[in-house]
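Participant:
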Amino acid sequence: MYSLEILADRVKGQLVNSKKISIRGLATLTDAQPDQLSFFANPKYLKQLKTTSAGAVLVTPNMVSHVKSAAIVVDDPYVAYATLSQLFDWRMPISSGVHSSAVVASSATIDPTAEICAHVVIGENTVIGANTYIGANTVIGRDCRIGQSSRLESGVQVYPDVHIGDRVIIHSGSIIGSDGFGFAQQNKQWIKIYQSGGVRIGHDVEIGASVTIDRGALSPTRIENGVKLDNQIQIAHNVVVGESTAIAGCVGISGSTKIGKRCTLAGMVGVAGHLEIADDTHVTAMTLVNKSIDTPGAYSSGTALEPHQQWKRNVVRFRQLDELAKRVKRLENAQFDKS
Amino acid sequence: MYSLEILADRVKGQLVNSKKISIRGLATLTDAQPDQLSFFANPKYLKQLKTTSAGAVLVTPNMVSHVKSAAIVVDDPYVAYATLSQLFDWRMPISSGVHSSAVVASSATIDPTAEICAHVVIGENTVIGANTYIGANTVIGRDCRIGQSSRLESGVQVYPDVHIGDRVIIHSGSIIGSDGFGFAQQNKQWIKIYQSGGVRIGHDVEIGASVTIDRGALSPTRIENGVKLDNQIQIAHNVVVGESTAIAGCVGISGSTKIGKRCTLAGMVGVAGHLEIADDTHVTAMTLVNKSIDTPGAYSSGTALEPHQQWKRNVVRFRQLDELAKRVKRLENAQFDKS
Amino acid sequence: MYSLEILADRVKGQLVNSKKISIRGLATLTDAQPDQLSFFANPKYLKQLKTTSAGAVLVTPNMVSHVKSAAIVVDDPYVAYATLSQLFDWRMPISSGVHSSAVVASSATIDPTAEICAHVVIGENTVIGANTYIGANTVIGRDCRIGQSSRLESGVQVYPDVHIGDRVIIHSGSIIGSDGFGFAQQNKQWIKIYQSGGVRIGHDVEIGASVTIDRGALSPTRIENGVKLDNQIQIAHNVVVGESTAIAGCVGISGSTKIGKRCTLAGMVGVAGHLEIADDTHVTAMTLVNKSIDTPGAYSSGTALEPHQQWKRNVVRFRQLDELAKRVKRLENAQFDKS
């Protein structure tokens, strides 16, 4: 529970029509109760702003007149909402120490402020930094380094030789450092190429649930500072994901591809191997990126939604498209001959 | 081992040509042995029906004359097969109690009939209902509620504030309640929006292996009664999946989208965010749903399989399609001018 | 650390310009240091071959003149590199025995040479073969058989009645034997079809991280010898994956489909159910295989990458494609009438 003064102060906002209330949480304009704080960040919700029951609303200066309750005036209400959201997070303050059921190698170094939960396993020579939380049943191999104030939720698997920075969050079920998919072919048999590169993850990275990041073949796979990965993403060996790039769910990136900085890849995008994607590239959902991109901008592939019967006819025509183009060419030539 | 009388009784079927045999399991018409029961549900397998070695067959009344062995006559043999399949399931009756290696918070409430397997971790204030099974190495956070006669298989991760109904099955590796993918952008940096909504899962839901269901940003993500989810599905924050909808493997649903009731989404479908999909909508495999659907029916996108060389030519033409359409228009105009 | 003699001997190569050095690892031509071995397998890296600092290079006979350092001459440097990579793997020799925190059923049979790590759970009647490694927090159900010299990394979940061959690697987070997605429909409700088939996995198979392989409905799902599966692959019930087939990340294969031998499926391919795919079939990335393939070769679907604005115009035209084809037909007819 926070007073409006504390909340306004936290986002350096100006309090208007202040009231003596305690705020127990955040909510949308529609759902908010008198003990909740809401925010107005999208003009299309103006009607909801005027009728909300929220105890207070984060707004820009030009909209404050529409607020009937208390208001916290800020330049960017959405950023202010993000900033305040941490106050109401489900995570508890960490409770330092190693649970009696955890199995920690004698050569591992666990900062005394870190929290190691039940049934965690930590390998030889691994170092866990200050204020870092390792959730229940997570396994961390040997020769790993995990920085300060990071959080690995329950059931994460970290292979040997993975370095993870500070203030990193890794959600449950993610696998960091599994072998890259590398085989040489001999007499139609696959010969495994053992993968000796590790994984290097920078600071302020968030990795969603059930993400897989393979270790490099010879040198490490790299996730740079500030990268945000959604759930069920597959990152193959020796990929580099550039600083502050955000990748949505179910994206797959093939081996040795280098994604630039500040890119966004929408859901289910697939990126082929050995490509270079320019900084500030944006790729729309379910696009196949099958060549390098050297010019920043938005890119797409695929076709758009149609009723199934109509789609079936168009799909048949797609298979005849090269022939259709040739027929148009012949018509043009015939026309030219006549004219 | 069950007698034919017991099996017929279980599906309210009529026993024809009964024999004194014990049935040890179910099998297809082709594979079935004399101590197995089969079923005839697809006319194209008539020949197999006539030659099966099955000890007995589930059939409709009009097909019973083709059965040389015993038959159990029912209106819907496929439904009868589904009903009987539970008798031969691999799951054992649950064995009530908490394994000595489980770590259960003192404020958690575990029904005495529930089974809590080895290395399970259960958080504060969580409630586990009667006859519910929690498989080995599964982790359940605090403030969760799990109903009666539900099953979480081994290695499931449930975050705090997740409510799960009765008769729910969740397969291994699934993650329920991880943070939704929410960030505000400021100066080209991503600021995390902490996710305080939980997840609410109804009754009679089945969730496959390695499914991820994120917690809501402010209010919960919702999976309604009777929903069936296959493996490797990603459900983002604040999605609602309507009653009795079935979703096949590898589907991804983006944030705040509302899927209607009794829908089916085939494998690898992607659904964009903030959409509404009508009840009784069916989407074919690998379709991108990039706009709301307000009319029930079948929908598709994408193109169909072709030999690679032919596809390469057509794909080039696709990139020229707008230009091709304009050339056709010019030809039509020229024709019109002449006529 | 290995001498050049030992390494050359291991790949039956001829040592040229031998030096008394100890090799500590493998590296690319560009990155290699004087105590590392590199390889020249791609003509486009000739310049790097001439300038590498590697202590020695694996080369073909015709290229040895370009190597300034020591060389190991072999017929196929890439295969030789793969062969030697195992010497520098991150895996430690196994350390036989069962960790005190593991929970092993009394009727299970664990070979005394096997290593069972912390918090592993093994069910009744399961058999673990010689020199097999079961990583921390992995769960194996009852009635399973795991062969010799296999490795299940940490956090793998194996359901009851799964048989796994010799020299198999299964990476973290993979789920083997979860229920297939089978339901009969009655009065718009889904009735679960319990899945009594198990999973049978051959020898020399590698399975990546977060792969899901469902158990069969009545008979087992089958992964044949020498199959290689990348991460995040979904294999539905009763699928058969033929010998030495390699499947890249994020592929989904629907129920009862039979993939031939020596096939390759690129990333994010989706294969519909009840299909047969011929031996030696190759499918390009993000293709939807919606019909059986009886002729070996390469197959594709989808469209290629474009700038978003251009793509939007073409996508609109795609929805008019059937109509466009009819208009071209009318133009052709009109031309024919005139001529």
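Line by line, the protein sequences give chains A, B and C.
All you need for the working numbering is the position in the first sequence, starting with 1, plus 629.
All you need for the working numbering is the position in the second sequence, starting with 1, plus 629.
All you need for the working numbering is the position in the third sequence, starting with 1, plus 629.
Glycine included, every Cβ here is placed at the ideal spot set by N, Cα and C.
1) Any C-beta of chain A within less than 8 Å: which residues of the region 839-857 of chain C qualify?
2) Quick test of the definition: if touching needs 3 or more C-beta pairs under 8 Å, does the region 810-818 of chain C touch the region 705-713 of chain B?
3) Is the CB of T924/C under 9 Å away from at least one CB in chain A?
4) Measure how close the beta-carbons of D833/B and G809/B come, nearest whole angstrom, since I'm counting them as under 8 Å.
5) Checking contacts by CB at 9 Å: is F717/A closer than that to chain C?
6) Between the region 656-666 of chain A and the region 722-733 of chain A, do at least 3 Cβ pairs fall closer than 8 Å?
7) Touching or not, the region 764-777 of chain C and the region 789-799 of chain C, by the rule of three or more beta carbon pairs under 8 Å?
8) Checking the sheet assignment: what are the DSSP bridge partners for Q665/C?
9) If you pair each beta-carbon of the region 730-748 of chain A with each one of the region 759-767 of chain A, do three or more pairs fall below 8 Å?
10) So, at 6 Å on beta carbons, what are the nonlocal neighbours of I804/C in its own chain, with the 5 sequence-adjacent residues on each side left out?
11) Assuming the contact rule is C-beta atoms closer than 8 Å, G896/C and A877/C should be a hit. Round their C-beta distance to whole Å, please.
12) Please tell me whether A963/A has its Cβ less than 9 Å away from any Cβ of chain C.
13) Note down, in chain order, every chain A residue with its Cβ under 7 Å from the Cβ of M915/C.
14) Three or more beta-carbon pairs under 8 Å between the region 725-741 of chain C and the region 677-689 of chain C, yes or no?
15) Please check the pair E961/A and R956/B, which I expect to be a contact at CB under 8 Å, by giving their CB distance rounded to whole angstroms.
16) Along chain B, which residues have their Cβ under 7 Å away from the Cβ of T657/A?
17) Does DSSP put T932/C in a helix, a strand or coil?
18) For the pair the region 898-905 of chain C and the region 905-922 of chain A, tell me if three or more CB-CB distances fall below 8 Å.
19) For A656/C, tell me which candidate among K817/A, T681/A, D923/A and S825/A has the shortest Cα-Cα distance.
20) Can you give, in chain order, each stretch of the beta strand (DSSP E) that sits fully within the region 835-918 of chain B and has at least 3 residues?
21) May I have the straight-line CA-CA distance separating Y631/C from D638/C, to the nearest angstrom?
22) Mind checking the region 689-718 of chain B against chain A and listing, in chain order, the residues whose C-beta falls within less than 7 Å of any C-beta there?
23) Under 7 Å, CB to CB, which of the residues in the region 856-885 of chain A have a partner in chain B?
24) Quick one: is H937/B near chain C, going by C-beta distance under 9 Å?
25) Give the DSSP-derived three-state secondary structure of Q949/A in the structure shown.
26) Which chain C residues are close to D966/B, counting only those with a beta carbon under 8 Å from its beta carbon?
27) Measuring CA to CA, which of Q715/A, T874/A and C879/A is closest to I888/A?
28) Going by DSSP, what residues sit across from S921/A in a beta bridge?
29) Closer than 7 Å, Cβ to Cβ, to anything on chain B: give me those residues from the region 803-828 of chain C, in chain order.
30) In chain C, which residues lie less than 7 Å from Y762/A when you measure between Cβ atoms?
31) Find the residues of chain A that neighbour L894/B, judging by a C-beta separation of less than 7 Å, and give them in chain order.
32) Can you have a look at K821/A and say buried or exposed, based on whether 16 or more other CB atoms are within 10 angstroms of its CB?
33) Just the Cα atoms here: how many angstroms apart are I906/C and V756/B?
34) Does any residue of chain C bring its CB to less than 9 Å from the CB of V733/B?
35) Out of P789/C, R829/C and S783/C, point me to the one whose CA is closest to E782/B's CA.
36) If you measure beta-carbon to beta-carbon, which residues of the region 945-957 of chain C are closer than 7 Å to chain A?
Facilitator: Taking the coordinates as given:
1) S839, G855 and K857
2) yes
3) To locate residue 924/C, count along the third sequence from 1; it is residue 295. No, T924/C does not count as interfacial toward chain A.
4) In the second sequence, the residue the question calls residue 833/B occupies position 204. In the second sequence, the residue the question calls residue 809/B occupies position 180. About 25 Å; that fails the 8 Å criterion.
5) If you number the first sequence from 1, residue 717/A lands on position 88. No, its Cβ sits nowhere closer than 9 Å to a Cβ of chain C.
6) no
7) yes
8) Taking the third sequence and counting its residues from 1, the one referred to as residue 665/C is at position 36. Partner(s): G654/C.
9) yes
10) Reading the third sequence from its first residue, position 175 is the one you call residue 804/C. Answer for I804/C: Q786 and T841, listed in chain order.
11) Reading the third sequence from its first residue, position 267 is the one you call residue 896/C. Reading the third sequence from its first residue, position 248 is the one you call residue 877/C. About 4 Å separates the two Cβ atoms, so the contact holds.
12) Indexing the first sequence from 1 puts residue 963/A at position 334. Closer than 9 Å to some Cβ of chain C, the Cβ of A963/A qualifies, so yes.
13) In the third sequence, counting from the first residue as 1, residue 915/C sits at position 286. Chain A residues near M915/C: G899 and L917.
14) no
15) Counting from 1 along the first sequence, the entry for residue 961/A is found at position 332. Counting from 1 along the second sequence, the entry for residue 956/B is found at position 327. 7 Å between Cβ atoms; contact.
16) Position 28 of the first sequence, counted from the first residue, corresponds to residue 657/A. The answer, in chain order, is L847.
17) For the purposes of this step, residue 932/C is taken as the residue at position 303 of the third sequence. Note: T932/C maps to coil in three-state DSSP.
18) no
19) On the third sequence, residue 656/C is found 27 positions in, with the first residue counted as 1. Closest by alpha carbon: S825/A.
20) 841-843, 850-852 and 910-912
21) Within the third sequence, residue 631/C is the residue found at index 2, counting from 1. Within the third sequence, residue 638/C is the residue found at index 9, counting from 1. So the two alpha carbons sit approximately 11 Å from each other.
22) none
23) K857, D859, N860, Q861, S873, A875, A877, G878 and C879
24) Sequence index remark: in the second sequence, residue 937/B carries index 308 (1-based). At least one chain C Cβ lies under 9 Å of H937/B.
25) Position 320 of the first sequence, counted from the first residue, corresponds to residue 949/A. Reduced to three states, the DSSP call for Q949/A is coil.
26) Taking the second sequence and counting its residues from 1, one reaches residue 966/B at position 337. Under the 8 Å cutoff, chain C gives no residues; its nearest Cβ is about 13 Å from D966/B.
27) Translated into the one-based positions of the first sequence, residue 888/A becomes position 259. It is T874/A.
28) The count along the first sequence starts at 1 and reaches residue 921/A at position 292. DSSP lists no partner for S921/A.
29) I804, S807, D808, F810, F812, A813, Q815, K817, Q818, W819, I820, K821, I822, Y823 and S825
30) Along the first sequence, one-based indexing puts residue 762/A at 133. Here the premise fails: no neighbours, minimum Cβ distance about 18 Å.
31) Along the second sequence, read from residue 1 onward, the residue named residue 894/B stands at position 265. Those within 7 Å of L894/B in chain A number zero; the least Cβ separation is about 13 Å.
32) Locating residue 821/A in the first sequence gives position 192, where the first residue counts as 1. Per the 10 Å Cβ criterion, buried.
33) Taking the third sequence and counting its residues from 1, one reaches residue 906/C at position 277. Taking the second sequence and counting its residues from 1, one reaches residue 756/B at position 127. If I take the Cα positions, the gap works out to 48 Å.
34) Position 104 of the second sequence, counted from the start, is the residue given in the question as residue 733/B. No, its Cβ sits nowhere closer than 9 Å to a Cβ of chain C.
35) As a position in the second sequence, residue 782/B is number 153, starting the count at 1. Closest option to E782/B, Cα to Cα, is P789/C.
36) F947, R948, L950, D951, A954 and V957
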